[in-house]
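To keep things clear, I will list the structure first and then write my remarks on it.
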Amino acid sequence: MKALRLDQADLERWFANWAKTREVYAPLEQSSTSQSISATRSYVDWAILRDGRFPVLDRGLPKSPIKKFFLPQPEVLFRSSTKKDDPDAFVLKEPEEQKDRRVLVGVRPCDARSVELNNLPFEKDPYFQSNRARTAIVGFTCRDRCQTCFCEAVGGSPVGTEGMDIAVTQLDDLYIAEVITDRGEELVQEGGGAPEASEEEISRLKESKEQVKSLFSSMSDLDHSLEAMKAKDLFALYNAPFWSQLADSCINCGTCTFLCPTCYCFDIQDEVVKGTIRRIRYYDSCMFPLFTLQASGNNPRGQKVQRVRNRFMHKFKYFPDRFGPFSCVGCGRCIRECPVNIDIREVLRDLLAVE
Ligand code: SF4
Ligand code: SF4
């Protein structure tokens, strides 16, 4: 695999050159003001990279995952109109395919991997595939562990490159860019190239990755859970009492699923606004009682405990049974943002502990 050496100015040159023909997004500082308590809060989230700014990479993961670039909120599936002078009124037509190319810069290994996992159920979805074809991923491997991440326990790695076109690793004074795909090679050419890394620099890259991997596993008490979870018969725990205890504190707000990079439940609705008809697909959540409410009035997951159990069974039983890997990349967003502090790592520990 080709490995190039860059300094920060080289990376900035790449970003500026890409921005001539593509939309470049990166984690950047944002702020929001609450009128009710007159307070301003700052956070890091995805935004267009311009004006010589550099991605913010030292404040943990961006607030939202990158799924919004592949599963936008909402996705317009069909359009039509109700206008009398429109010969195609009420005839649903697919919207024009969006072809604007985009680059996401500063994607961490967990988020890049989530695109590969979501590709499994959406392999034949033309909307997801079209968004995927026009979105390049320039990842940055991790150096520090966030308090809430556990990627290695669910099959990922802090230095993993799955889902990336280019993987950049910072080595104190320089960056090494590994070019993984043809699209990555195209980006290098568009960026203006860079010299190949020397053998000594490649050895430093390997050494640094090994150090990060052992740092992460030394800080994790879930490090050896992957095989144990795979071997566990979760159906045998379907009626375990701890689901009720867990459900007692959950308020079914859906925050965990909306911010999860690998949750993809959706609903489809038709809307008419000022003569324009849109059939849209938008995020839904298995934590909401309406999600499974049937026209007959029957609701197979009408109780909160059933919905809470489903969230974890889907991630660790149903999805792996069908596709192989767990439907979780260990990003920790659900832990960080849950208003009642439900911690998926504790759920994993409980699942492993129940006989
Ligand atoms: S964020 Fe927490 S409280 Fe809200 S639905 Fe998820 S687990 Fe329940
Ligand atoms: S379940 Fe939680 S930790 Fe796992 S990918 Fe989703 S948000 Fe991240």
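Numbers 9 to 363, taken from my numbering, label the letters of the sequence shown in order. Glycine included, every Cβ here is placed at the ideal spot set by N, Cα and C.
Please find out if some non-hydrogen atom of ligand 1 comes closer than 7 Å to the beta-carbon of M321.
Shortest gap from the CB of M321 to any heavy atom of ligand 1: 7 Å or more.
Compute every distance between the C-beta of P249 and the non-hydrogen atoms of ligand 1, then say whether any falls below 7 Å.
P249 has its CB no nearer than 7 Å to any heavy atom of ligand 1.
When you compare only the Cα positions, how much space is there between A361 and N25?
53 Å
Environment of P95 [buried if 16+ CB atoms lie within 10 Å]:
exposed
Say yes only if the C-beta of I352 is nearer than 7 Å to one or more non-hydrogen atoms of ligand 2, and no if none qualify.
yes
Can you list, in chain order, the residues of its chain whose CB lies under 8 Å from that of F136, leaving out five sequence neighbours each side?
F78, L79, N126, N127, F130
In whole angstroms, what separates the C-alpha of V187 from that of V111?
Approximately 14 Å between the Cα atoms of the pair.
So, for G114: in the same chain, excluding its five sequence neighbours on each side, which residues have a beta-carbon less than 6 Å away from its beta-carbon?
A34, P35, P63, L65, F148
Are the stretch 115-124 and the stretch 294-312 touching, with three or more C-beta to C-beta distances below 8 Å?
no
Just mark Y246 as buried or exposed, buried being the case when its beta carbon has 16 or more other beta carbons within 10 Å.
exposed
Closer than 7 Å: is that where the CB of P297 sits relative to any heavy atom of ligand 1?
no
According to the Cβ coordinates, are P347 and T263 closer than 8 Å?
yes
Beta strand (DSSP E) runs wholly inside the stretch 253-314, at least 3 long, in chain order
With a minimum length of 3 residues, the continuous beta strand (DSSP E) runs that stay inside the stretch 253-314 are 274-281, 284-291.
Cβ distance (whole Å) where I350 is taken to contact C294 below 8 Å
With a Cβ gap of about 15 Å, I350 and C294 do not count as contacting.
Report the rounded CA-to-CA distance for S40 versus R49, giving the unit in angstroms.
5 Å
Starting from the C-beta of C273, find all residues in its chain whose C-beta is less than 8 Å away, skip the five residues before and the five after it, and write them out in chain order.
T265, Y291, D292, S293, C294, F299
State the CB to CB distance for the pair K391 and R140, rounded to an integer number of angstroms; the pair is presumed to be in contact (CB under 8 Å).
Because the chain here runs from 9 to 363, residue 391 falls outside it and cannot be looked at.
Helix or strand or just coil, what does DSSP make of Q155?
coil
Please list the terminal residues of the continuous beta strand (DSSP E) segment that includes L36.
31-42
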